[in-house]
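To start, the structure itself, in structure tokens.
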Amino acid sequence: MEGQVTQEQCRKAAACTNLIQLDRICHSYQAGVVSHAVLHNVSLTIERGQSCAIVGSSGSGKSTLLNILGLLDRPTSGGLFLDGLDMGDASAQLRARVRNQLIGFVFQSFNLLPRLNALDNVALPLLYRGYSRQAARVVAQREIERVGLADRAHHRPAELSGGQRQRVAIARALVGQPALILADEPTGNLDSTTASEILALLLALNREQGVTLIVVTHDNSLARHMQRCLHVRDGCLEEQLLPVGIAHV
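Residues 193 to 441 in the numbering used here are what the sequence shown spells out, letter by letter.
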């Protein structure tokens with residue numbers, strides 16, 4: 193059935209050690225009659241359980257790359273495989289299904305629904321999967337407790353600090369047990385102390401649960417804690433070597 197991930201696809205995915213594979217990805221957009229190239233022949237392989245920073249100046253193409261990895265945008269050309277599944281020509285329905293089952297998103301601006309409390313914000317991805325509200329809230333409560341906010345589960349976003357809201361966003365990203373977390377400037381709106389706490393939480397999830405972690409950031413000190421650092425410059429991708437003993441602290 194269209195939009196369903198088949199058992200055969202799951203079997204092939206389980207046998208694949210690479211969670212992400214990009215093959216000569218190009219992306220451009222139209223502005224009137226003019227075509228603007230954003231990414232040029234980007235090839236990339238990321239194994240399950242790795243942590244990776246994507247850095248680059250504003251307008252370099254790093255956010256476009258993250259959107260393509262998150263199935264929020266389609267490349268103009270090139271191959272895209274996630275968890276062994278060929279997503280290049282996948283339908284919008286299948287892409288949405290894989291996105292819901294495979295990927296958790298953490299955004300700089302949190303993207304929480306203001307009228308829902310923390311618990312119900314975390315439960316939302318499970319409701320999209322067809323869970324009952326009661327079942328979704330049981331799982332969401334577990335994730336709220338995991339990020340240390342059990343006493344804030346019934347508070348709305350406006351009643352939470354920036355760090356607490358980001359913890360809710362991380363719990364929401366984790367509630368569906370994703371293989372991959374994509375974080376776009378997850379500490380960008382936080383003070384240095386809270387940012388360090390959020391970074392430690394993300395790294396612990398990567399280290400202890402094997403969740404693959406990709407973080408887009410302007411913060412070089414954050415990037416140095418990742419196992420890999422990818423620099424996007426003028427739409428091209430290059431890997432930076434991290435100092436020995438720094439990565440994945």
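Built from N, CA and C at the ideal position, the CB exists for glycine as well.
With respect to His-228, Cys-428 sits apart: the two C-beta atoms are not nearer than 8 Å.
Listed in chain order, the non-local C-beta contacts of Leu-311 below 8 Å within the same chain comprise Arg-329, Ala-332, Gln-333, Ile-336, Ala-345, His-346, local neighbours out to five positions each way being set aside.
Here Arg-364 is near Asn-313, since their CB atoms are less than 8 Å apart.
The criterion of a C-beta distance shorter than 8 Å is satisfied by Ser-235 and Arg-216. Between Gln-213 and Ile-238, the alpha-carbon positions lie close to 7 Å from each other. Looking at the backbone, the Cα of Lys-254 and that of Ile-373 are separated by about 16 Å. Within the segment 338–402, the runs of beta strand (DSSP E) that reach at least 3 residues and sit entirely inside it are, in chain order, 372–376. Under the three-state reduction of DSSP output, Thr-256 falls in the helix class. Only residues of its own chain outside the window of five on either side were considered, and among them Leu-274, Asp-275, Pro-370, Ala-371, Leu-372 have a CB closer than 7 Å to the CB of Leu-294, listed in chain order.
Inclusion of Leu-405 and Leu-393 in the CB contact set at 8 Å is not warranted, their separation being larger than that value. Short of 7 Å from the beta carbon of Ala-415, and not among the five residues preceding or following it, lie these beta carbons of its own chain, in chain order: Ala-245, Val-247, Thr-409, Cys-421. The DSSP-derived three-state label of Ser-301 is coil.
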